[in-house]
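In this note's numbering, the protein residues as written are 12 to 128. Here's the structure we're looking at; comments come further down.
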């Protein structure tokens, strides 16, 4: 268990910063550390006595729910236009999503949409 937590912190460390960074929240920084968290969770789950397996099953159900939500979110990544459209919609006052959405439109040959962005 401690190995998993240490692995998560070790991998997360280089991407964490006490200095201001451009994107304070970025899910891509959590992919590899979550492997360490998963390694830490398995020994905890095995400690549950059979009487408390209902709680463990509820946690598994929660995991399935989050996996489903992750799959649905992955649909946004199916194209550059859908990705940057979603990002620009969620962050309307930021320049970078609008710029990259315009670039995606330009690459797709949608010049009028690119000019709008």
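From the three backbone atoms N, C-alpha and C, an ideal C-beta is built for every residue, glycine too.
Candidates the options: which alpha carbon is nearest residue i's?
i	options	result
residue 41	52, 54, 25	25
residue 81	16, 38, 27, 52	38
Contact defined as beta carbons within less than 8 Å: I believe residue i pairs with residue j. What is the distance between those atoms, to the nearest angstrom?
i	j	result
residue 115	residue 92	5 Å
Roughly how many whole angstroms lie between the Cα atoms of residue i and residue j?
i	j	result
residue 113	residue 125	4 Å
residue 58	residue 100	44 Å
residue 54	residue 128	50 Å
residue 71	residue 90	31 Å
residue 74	residue 12	19 Å
Hey, is residue i close to the ligand FMN, as in C-beta under 8 Å from one of its heavy atoms?
i	result
residue 13	In the structure on display, the ligand FMN does not appear, and there are no ligands present to speak of.
Are the Cβ atoms of residue i and residue j separated by less than 9 Å?
i	j	result
residue 56	residue 15	no
residue 108	residue 95	yes
Within the chosen definition, does the stretch 13-22 reach the stretch 41-54 through at least 3 CB pairs nearer than 8 Å?
-> The answer is yes - the stretch 41-54 touches the stretch 13-22, with three or more Cβ pairs under 8 Å.
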